[in-house]
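The structure under discussion appears below in the form of structure tokens.
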Amino acid sequence: MKLTRQLFLAVFILAASMISGQCAQAQHQEYYPDPDTAIQHRLDEWKDLKFGLLMHWGPYSQWGVVESWSICPEDLSWATGGRKPGVADNYNDYVKAYENLQTTFNPIKFNPEKWAAAAKDAGMKYMVFTTKHHDGFSMFDTKYTDYKITDPKTPFAANPRSNVTKEIFSAFRKEHFWIGAYFSKPDWHSDFYWWKKFPAADRNPNYSIKKYPEQWKKFTDFTHNQINELMSDYGKVDILWLDGGQVRKTSDEEIKRYLSDTSEGSRWARNPQSQDIDMPRLVKEARAKQPKLIVVDRAVPGEQQNYLTPEQHIPENGLPYPWETCMTMGNSWSYVPNDTYKTANEIIEKLVDIVSKGGNYLLNIGPGPDGELDPNAYQRLKEIGAWMKVNGEAIYGSRIFSSFNEGESIRYTQSKDGKTQYIFFFNFPETKQLLTKIQFSKKVRLQLLGSKSRLSWKQQQNGVEISLPASLKSVTDYVWVVKVSN
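In numbering that gives the first Met the number 0, the protein residues as written are 0 to 485.
If you want it as structure tokens, here you go:
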């Protein structure tokens, strides 16, 4: 068992790195600003938040396997390598066993108020929850499928808090978080997407949409109906975070180009076709119920992708449009027993790096099958929060400075009005530090956040030299921040 688990984790980490590389390339694409100035203003407010929480959770947490992908029939190591060992050798039997997890899902320790309190203490300002992942299991009380947490087949349905999406949104909203609804456009349980008339072949529909347009219309209506529920019955929603970029309108010319592309890794659809679900109408309907809703149609260039989402990757120099790195705290998006979590120091340095480049950081934690987070996750959030309480002013509402970095271990941000700059040191400067990317006026004041002491500095021919007394090293942990104000 120990060797099997180690093998699974090794395969999963390799898979994650492959996906990360693919997604990193996909994020450097054209950006089409939403023409609505109200949405543009809302995006600017979102950029002020900087730090958010993403949660992948569903019945799959009982097995501790990668969410949804283990039922994908594609012959890809990262799609199939995470299957639960010893369940079934036959693919169809495996899918039945996976979907039967609905009948044992009973997270009796579910306490979203505890999650919200921990996230707030960590300095997070918005959240995104997986209302439905690719496997099609709805974590909300939808009327359009019985494959959901509130169906009588699910033990937790008897719990008064069984509509977990509503409970989670409410708990985080009470803590003044922005609320984000993750929703998978593909649905591998729906007969309208993977039609039981044919065997599934890959992550895409297993039938010809042109030959069976009525079946695709059923899927389009199903998708619109479920999103309409989320926009109608779950209070104020700030972000609609759509995953599954293969579900998009595609021209015949684009399909021809795809078929002629022989580059490595380009072929993931055996039957490429346009998967048009009428996104403009979907967004119009959603915003009629949720004005100023930010929509993230991930990896689909167009006006419905209000910001871009590099996955498990921080762009080297940032991106010239609104963006957010989504990244796991552990190795997995979903719960894996004994997962290895990033240290607080690593998370804080990544946060600073992302913010200095103009992005937001959406940090993922996967709740366990009982509804609890790993104790290590709570500990990391507590440590991050201690740092944010001292240094948060350099993070929230900040914008890119004229240069975001000075070498590998120094970063810059500035206030929105440009009157205040912040210098982040990943390593405490034990000796005098020469800075060449920033200039000081004669009346400038330097202060290490967390201390009231004024720092000395000296103009040099090729920059400015600052000194930090060794006694200030204990003011904070991980990253030290110098505030520069006139």
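For glycine and all other residues, C-beta sits at the position ideal for the given N, C-alpha and C.
### Message
So for residue 355, helix, strand or coil by DSSP?
### Response
Shown here, residue 355 sits in a helix according to DSSP, grouped into three states.
#### Entry: residue 405 classed as buried or exposed, judged by whether at least 16 other C-beta atoms fall within 10 angstroms
Residue 405 comes out buried.
### From 385, 441 and 320, residue whose alpha carbon lies closest to that of residue 479
Answer by Cα proximity: 385.
### Task
Have a look at 344, 303, 484 and 99 and flag the residue whose alpha-carbon is nearest the alpha-carbon of residue 475.
Comparing alpha-carbon positions, the option among 344, 303, 484 and 99 lying closest to residue 475 turns out to be 344.
### Task
On a CA-only basis, which of 287, 293, 461 and 179 is nearest residue 41? Give me that one, please.
Of 287, 293, 461 and 179, the smallest CA-CA separation from residue 41 is found for 293.
### Message
Please classify residue 46 as buried or exposed, where buried requires at least 16 other C-beta atoms within 10 Å of its C-beta.
### Response
Around the beta carbon of residue 46, a 10 Å sphere encloses 16 or more other beta carbons of the protein chains shown; the residue is thus reported as buried.
### Message
Suppose you measure from the CA of residue 128 to the CA of residue 391; what does that come to, to the nearest Å?
### Response
Answer to the nearest angstrom: the Cα atoms are 24 Å apart.
### Query
What's the C-alpha gap between residue 242 and residue 206?
Rounded to the nearest angstrom, the gap between the Cα atoms of residue 242 and residue 206 is 21 Å.
### Query
Buried or exposed: residue 434, going by 16 or more other Cβ atoms within 10 Å of its Cβ?
Its Cβ being crowded by 16 or more others within 10 Å, residue 434 is buried.
### Message
Which runs of the beta strand (DSSP E) at least 3 residues long sit entirely within the segment 199 to 276? Give them in chain order.
### Response
Correct list: 238 to 242.
### Query
So, do the segment 134 to 141 and the segment 223 to 238 have three or more beta carbon pairs nearer to each other than 8 Å?
Contact holds: three or more Cβ-Cβ distances are below 8 Å.
### Query
Would you say the segment 156 to 172 touches the segment 191 to 199, given that touching needs at least three Cβ pairs under 8 Å?
The answer is no - the segment 191 to 199 does not touch the segment 156 to 172, with fewer than three Cβ pairs under 8 Å.
### Message
Taking the beta carbon of residue 121 as the centre, do at least 16 other beta carbons fall within 10 Å, making it buried, or is it exposed?
### Response
With 16 or more Cβ atoms within 10 Å of its Cβ, residue 121 is classed as buried.
### Query
Which residue comes first and which comes last in the alpha helix (DSSP H) that contains residue 439?
Here residue 439 belongs to no alpha helix (DSSP H), and DSSP marks it neither H nor E.
### Query
In or out: residue 253 buried (at least 16 other Cβ within 10 Å) or exposed?
The residue is exposed, with fewer than 16 neighbouring Cβ atoms inside 10 Å.
### Query
Buried or exposed: which applies to residue 473, given that a residue is buried once 16 or more other Cβ atoms fall within 10 Å of its Cβ?
The residue in question, residue 473, is exposed, as its Cβ has fewer than 16 Cβ neighbours within 10 Å.
### Task
Compare the beta carbon distance of residue 164 and residue 156 with 8 Å and say whether it is the shorter of the two.
Contact flag unset, no.
### Query
Is it right to say residue 431 is buried, meaning 16 or more other beta carbons lie within 10 angstroms of its own, or is it exposed?
Label assigned to residue 431: exposed.
### Task
On a CA-only basis, which of 291, 331, 101 and 444 is nearest residue 54? Give me that one, please.
Residue 54 has its Cα closest to that of 331, out of 291, 331, 101 and 444.
#### Entry: Stretch-stretch touch, CB-based, cutoff 8 Å, three pairs: the segment 395 to 405 with the segment 360 to 375
At 8 Å Cβ cutoff, the stretches do not touch.
### Nearest-angstrom Cβ-Cβ length linking residue 186 and residue 135, presumed shorter than 8 Å
Confirmed, Cβ separation roughly 4 Å.
### Task
Would you check if the segment 65 to 76 and the segment 417 to 424 touch, i.e. whether three or more CB-CB distances between them fall below 8 Å?
Verdict: no, contact absent.
### Task
Count the other CB atoms, across all protein chains shown, that sit within 10 Å of the CB of residue 314; report buried if there are 16 or more and exposed otherwise.
Note on residue 314: 16 or more other CB atoms within 10 angstroms of its CB, so buried under the neighbour-count rule.
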